[in-house]
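Read in order, the letters of the sequence shown are residues -25 to -1, 1 to 223 in mature numbering (1 follows the signal peptide of the UniProt record, and there is no 0). Below you'll find the structure, written out as C-alpha coordinates, and then a few comments.
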Amino acid sequence: MSTTRRFALGLTGLLLLTAACTGEATTRAPADPSQGLSTVVLLGDSVAAGEAVPLGAAFQAGDVKFRSLAADGGGNVVGPFSEENWPKLPDELAAAHPSVVVYQLTTYDWGSEQEQRAAYEKLLSTVTGIGAKLVFVTSPPIQPDDFYRPHMADLERAGDVARAVAEGSSGRATFLDATEVWGDTYQRTRDGKADRSTDGIHTCPQGAARFTHWLLARLADLFPGFTPPNPTTWANTGWSADDHFTGC
(Lines of atoms letter the chains of each structure in order from A and count residues from 1; the text may use other names and numbers.)
(Lines give C-alpha, C1' and ligand atoms only; values in the text may rest on other atoms or scores of the structure.)
Protein backbone atom coordinates (compact mmCIF):
# COMPACT_ATOMS: atom_id res chain seq x y z
CA MET A 1 0.00 0.00 0.00
CA SER A 2 1.42 3.41 -0.94
CA THR A 3 2.33 6.08 1.62
CA THR A 4 -0.36 8.37 0.17
CA ARG A 5 -3.00 5.66 0.43
CA ARG A 6 -2.05 4.81 4.03
CA PHE A 7 -2.24 8.49 4.90
CA ALA A 8 -5.64 8.91 3.27
CA LEU A 9 -6.99 6.00 5.29
CA GLY A 10 -5.71 7.67 8.45
CA LEU A 11 -7.34 11.06 7.86
CA THR A 12 -10.20 10.50 10.27
CA GLY A 13 -7.79 9.57 13.03
CA LEU A 14 -5.65 12.58 12.18
CA LEU A 15 -8.58 14.94 12.54
CA LEU A 16 -9.50 13.42 15.89
CA LEU A 17 -5.92 13.67 17.11
CA THR A 18 -5.35 17.22 15.98
CA ALA A 19 -8.70 18.44 17.24
CA ALA A 20 -7.36 17.80 20.73
CA CYS A 21 -4.39 20.14 20.21
CA THR A 22 -6.06 23.30 21.45
CA GLY A 23 -3.75 24.45 24.27
CA GLU A 24 -2.91 28.11 24.73
CA ALA A 25 0.32 29.67 23.46
CA THR A 26 2.88 30.30 26.17
CA THR A 27 3.64 33.87 25.12
CA ARG A 28 1.38 35.96 22.92
CA ALA A 29 2.03 39.00 20.80
CA PRO A 30 -0.75 41.59 20.64
CA ALA A 31 -2.89 41.11 17.55
CA ASP A 32 -5.36 43.36 15.82
CA PRO A 33 -8.65 41.41 15.68
CA SER A 34 -8.97 42.36 12.02
CA GLN A 35 -5.45 41.23 11.15
CA GLY A 36 -4.95 38.09 9.11
CA LEU A 37 -1.86 36.61 7.53
CA SER A 38 -0.41 37.74 4.23
CA THR A 39 2.89 35.86 3.94
CA VAL A 40 4.41 33.32 6.32
CA VAL A 41 8.08 32.34 6.17
CA LEU A 42 9.32 29.19 7.89
CA LEU A 43 12.88 28.88 9.20
CA GLY A 44 14.46 25.73 10.54
CA ASP A 45 16.41 22.61 9.67
CA SER A 46 15.47 19.45 7.76
CA VAL A 47 12.78 18.66 10.34
CA ALA A 48 11.06 21.93 9.45
CA ALA A 49 11.71 21.30 5.75
CA GLY A 50 9.59 18.17 6.00
CA GLU A 51 6.86 19.97 7.91
CA ALA A 52 6.92 22.69 5.26
CA VAL A 53 5.41 20.25 2.76
CA PRO A 54 1.94 20.03 4.36
CA LEU A 55 2.23 23.61 5.62
CA GLY A 56 2.60 24.76 2.03
CA ALA A 57 -0.51 22.83 1.01
CA ALA A 58 -2.47 24.16 3.98
CA PHE A 59 -1.51 27.79 3.51
CA GLN A 60 -2.32 27.55 -0.18
CA ALA A 61 -5.75 26.23 0.74
CA GLY A 62 -6.09 29.17 3.14
CA ASP A 63 -5.04 31.76 0.53
CA VAL A 64 -1.91 32.68 2.47
CA LYS A 65 1.46 33.05 0.77
CA PHE A 66 4.07 30.72 2.19
CA ARG A 67 7.79 30.32 1.72
CA SER A 68 10.08 27.83 3.41
CA LEU A 69 13.67 28.86 4.07
CA ALA A 70 14.22 25.73 6.15
CA ALA A 71 17.46 24.03 5.18
CA ASP A 72 18.55 20.42 5.23
CA GLY A 73 21.65 20.10 7.40
CA GLY A 74 21.41 23.63 8.77
CA GLY A 75 18.87 26.44 8.90
CA ASN A 76 19.99 27.42 12.39
CA VAL A 77 20.86 30.86 13.74
CA VAL A 78 23.20 29.61 16.48
CA GLY A 79 25.69 26.77 16.52
CA PRO A 80 27.37 25.06 13.55
CA PHE A 81 26.50 26.43 10.10
CA SER A 82 24.96 29.60 11.59
CA GLU A 83 27.90 31.70 10.40
CA GLU A 84 27.10 30.54 6.87
CA ASN A 85 23.41 31.28 7.33
CA TRP A 86 23.56 34.81 8.73
CA PRO A 87 25.16 36.61 5.74
CA LYS A 88 22.24 35.63 3.48
CA LEU A 89 19.31 35.33 5.90
CA PRO A 90 18.41 39.04 6.30
CA ASP A 91 18.20 39.59 2.53
CA GLU A 92 16.22 36.38 2.01
CA LEU A 93 13.72 37.40 4.66
CA ALA A 94 13.37 40.92 3.32
CA ALA A 95 12.80 39.60 -0.21
CA ALA A 96 9.95 37.40 1.00
CA HIS A 97 8.03 40.35 2.55
CA PRO A 98 6.64 38.23 5.40
CA SER A 99 4.03 39.30 7.89
CA VAL A 100 5.06 36.41 10.14
CA VAL A 101 8.33 34.50 10.44
CA VAL A 102 8.17 31.14 12.19
CA TYR A 103 11.47 29.83 13.54
CA GLN A 104 11.29 26.22 14.60
CA LEU A 105 14.23 25.61 16.90
CA THR A 106 16.65 23.29 15.17
CA THR A 107 18.63 20.23 16.10
CA TYR A 108 21.72 22.36 15.53
CA ASP A 109 20.92 25.16 18.00
CA TRP A 110 24.05 24.32 19.97
CA GLY A 111 25.87 26.79 22.17
CA SER A 112 25.92 28.34 25.59
CA GLU A 113 22.88 30.09 27.02
CA GLN A 114 24.49 33.43 26.20
CA GLU A 115 25.17 32.38 22.61
CA GLN A 116 21.62 31.13 22.16
CA ARG A 117 20.12 34.29 23.63
CA ALA A 118 22.30 36.55 21.46
CA ALA A 119 21.30 34.64 18.32
CA TYR A 120 17.58 34.64 19.11
CA GLU A 121 17.68 38.35 19.91
CA LYS A 122 19.52 38.98 16.64
CA LEU A 123 16.82 37.04 14.80
CA LEU A 124 14.15 39.08 16.58
CA SER A 125 15.80 42.34 15.53
CA THR A 126 16.17 41.10 11.97
CA VAL A 127 12.53 40.03 11.70
CA THR A 128 11.03 43.10 13.34
CA GLY A 129 13.34 45.28 11.26
CA ILE A 130 11.38 44.23 8.17
CA GLY A 131 8.04 44.77 9.88
CA ALA A 132 7.20 41.13 10.62
CA LYS A 133 6.24 39.23 13.75
CA LEU A 134 8.50 36.44 15.00
CA VAL A 135 7.10 33.16 16.29
CA PHE A 136 9.44 30.71 18.02
CA VAL A 137 8.28 27.10 17.94
CA THR A 138 9.92 24.22 19.79
CA SER A 139 11.10 21.29 17.71
CA PRO A 140 9.98 17.68 18.12
CA PRO A 141 11.92 15.72 20.74
CA ILE A 142 14.56 13.47 19.19
CA GLN A 143 16.07 10.09 19.91
CA PRO A 144 19.72 11.17 19.99
CA ASP A 145 22.49 9.19 18.39
CA ASP A 146 26.23 9.65 18.96
CA PHE A 147 26.17 12.81 16.82
CA TYR A 148 23.54 14.58 18.90
CA ARG A 149 24.13 13.12 22.36
CA PRO A 150 26.92 15.57 23.36
CA HIS A 151 24.63 18.50 22.52
CA MET A 152 21.42 17.48 24.23
CA ALA A 153 21.87 19.88 27.15
CA ASP A 154 22.04 22.77 24.66
CA LEU A 155 18.95 21.56 22.79
CA GLU A 156 16.99 21.08 26.00
CA ARG A 157 17.90 24.62 27.11
CA ALA A 158 17.08 26.29 23.78
CA GLY A 159 13.33 26.39 24.37
CA ASP A 160 13.68 28.16 27.69
CA VAL A 161 16.03 30.72 26.14
CA ALA A 162 13.69 31.37 23.20
CA ARG A 163 10.77 31.69 25.61
CA ALA A 164 12.68 34.30 27.65
CA VAL A 165 13.53 36.28 24.52
CA ALA A 166 9.87 36.26 23.47
CA GLU A 167 8.68 37.28 26.92
CA GLY A 168 11.10 40.20 26.93
CA SER A 169 10.24 41.35 23.42
CA SER A 170 7.38 43.72 24.33
CA GLY A 171 4.99 41.82 22.09
CA ARG A 172 7.29 41.61 19.07
CA ALA A 173 7.67 37.85 19.37
CA THR A 174 5.63 34.85 20.47
CA PHE A 175 6.77 31.52 21.88
CA LEU A 176 4.81 28.35 21.11
CA ASP A 177 5.51 25.09 22.89
CA ALA A 178 4.78 22.19 20.56
CA THR A 179 4.98 19.62 23.36
CA GLU A 180 1.21 19.28 23.10
CA VAL A 181 1.76 17.92 19.59
CA TRP A 182 4.80 15.69 20.14
CA GLY A 183 4.89 14.92 23.84
CA ASP A 184 8.01 15.16 25.97
CA THR A 185 9.89 12.29 24.34
CA TYR A 186 10.32 10.80 20.87
CA GLN A 187 7.35 8.62 20.00
CA ARG A 188 7.62 6.52 16.86
CA THR A 189 3.91 5.68 16.39
CA ARG A 190 0.55 7.09 17.39
CA ASP A 191 -2.66 5.14 17.11
CA GLY A 192 -0.76 2.39 15.33
CA LYS A 193 0.52 4.67 12.55
CA ALA A 194 3.98 6.06 11.90
CA ASP A 195 4.27 9.55 13.37
CA ARG A 196 8.07 9.98 13.41
CA SER A 197 10.83 8.60 11.23
CA THR A 198 12.86 5.58 12.26
CA ASP A 199 15.93 7.87 12.25
CA GLY A 200 14.70 9.32 15.55
CA ILE A 201 14.76 12.89 14.20
CA HIS A 202 12.30 13.62 11.40
CA THR A 203 8.53 13.43 11.06
CA CYS A 204 6.31 11.19 9.00
CA PRO A 205 3.29 12.47 7.06
CA GLN A 206 0.91 11.87 9.96
CA GLY A 207 3.13 13.78 12.39
CA ALA A 208 3.74 16.62 9.95
CA ALA A 209 0.00 16.90 9.34
CA ARG A 210 -0.78 16.96 13.06
CA PHE A 211 1.80 19.70 13.52
CA THR A 212 0.36 21.68 10.61
CA HIS A 213 -3.16 21.51 12.03
CA TRP A 214 -1.88 22.63 15.45
CA LEU A 215 0.28 25.47 14.13
CA LEU A 216 -2.50 26.89 11.97
CA ALA A 217 -4.81 26.90 14.99
CA ARG A 218 -2.20 28.72 17.08
CA LEU A 219 -1.65 31.30 14.34
CA ALA A 220 -5.40 31.85 14.21
CA ASP A 221 -5.29 32.57 17.94
CA LEU A 222 -2.59 35.18 17.35
CA PHE A 223 -4.11 36.65 14.18
CA PRO A 224 -7.89 36.31 14.45
CA GLY A 225 -8.34 37.60 10.90
CA PHE A 226 -6.85 34.30 9.71
CA THR A 227 -9.16 31.30 9.46
CA PRO A 228 -7.40 27.94 9.10
CA PRO A 229 -8.63 25.93 6.13
CA ASN A 230 -10.44 22.69 6.81
CA PRO A 231 -7.96 19.77 6.84
CA THR A 232 -10.01 18.04 4.17
CA THR A 233 -8.81 20.72 1.73
CA TRP A 234 -5.11 19.96 2.20
CA ALA A 235 -4.47 16.74 4.13
CA ASN A 236 -4.74 14.36 1.16
CA THR A 237 -3.48 16.36 -1.78
CA GLY A 238 -0.49 14.15 -2.60
CA TRP A 239 2.21 15.82 -0.51
CA SER A 240 2.65 12.75 1.73
CA ALA A 241 4.66 11.08 -1.06
CA ASP A 242 7.36 13.76 -0.81
CA ASP A 243 10.98 12.57 -0.56
CA HIS A 244 11.41 14.31 2.80
CA PHE A 245 9.42 11.54 4.46
CA THR A 246 11.78 8.61 4.88
CA GLY A 247 11.81 5.86 7.47
CA CYS A 248 8.04 5.98 7.71
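Ideal Cβ positions, reconstructed from N, Cα and C, are used throughout, including at glycine.
Given Thr173, which residues of its chain have a CB within under 6 angstroms of its CB, disregarding the five upstream and five downstream residues?
Gly222
Compute the distance between the beta-carbons of Thr178 and Val22, then report whether it is under 9 angstroms.
yes
Let me know the secondary structure DSSP gives Tyr78 once reduced to three states.
strand
Sequence-distant residues of its chain with Cβ nearer than 7 angstroms to Leu98 (five each side left out)
Val52, Tyr78, Leu109
Would you tell me roughly how many angstroms separate the C-alpha atoms of Ser215 and Thr101, rounded to the nearest one?
33 angstroms
Same chain only: Cβ atoms within 6 angstroms of Thr103, ignoring 5 sequence neighbours per side:
Arg147
Where does Ser215 fall in DSSP's three states?
helix
Span of the beta strand (DSSP E), counted from its first residue to its last, around Thr14
14 to 18
Supposed contact pair Leu12 and Phe150 - C-beta distance, whole angstroms, cut 8 angstroms:
With a Cβ gap of about 18 angstroms, Phe150 and Leu12 do not count as contacting.
Go ahead and pull the three-state DSSP assignment for Lys63.
coil
Residue span of the beta strand (DSSP E) that contains Leu109, given as start and end:
108 to 112
Can you tell me which residues form a DSSP beta bridge with His151?
For the sequence presented, residue 151 should be read as Leu rather than His. Answer is Val112, bridged to Leu151.
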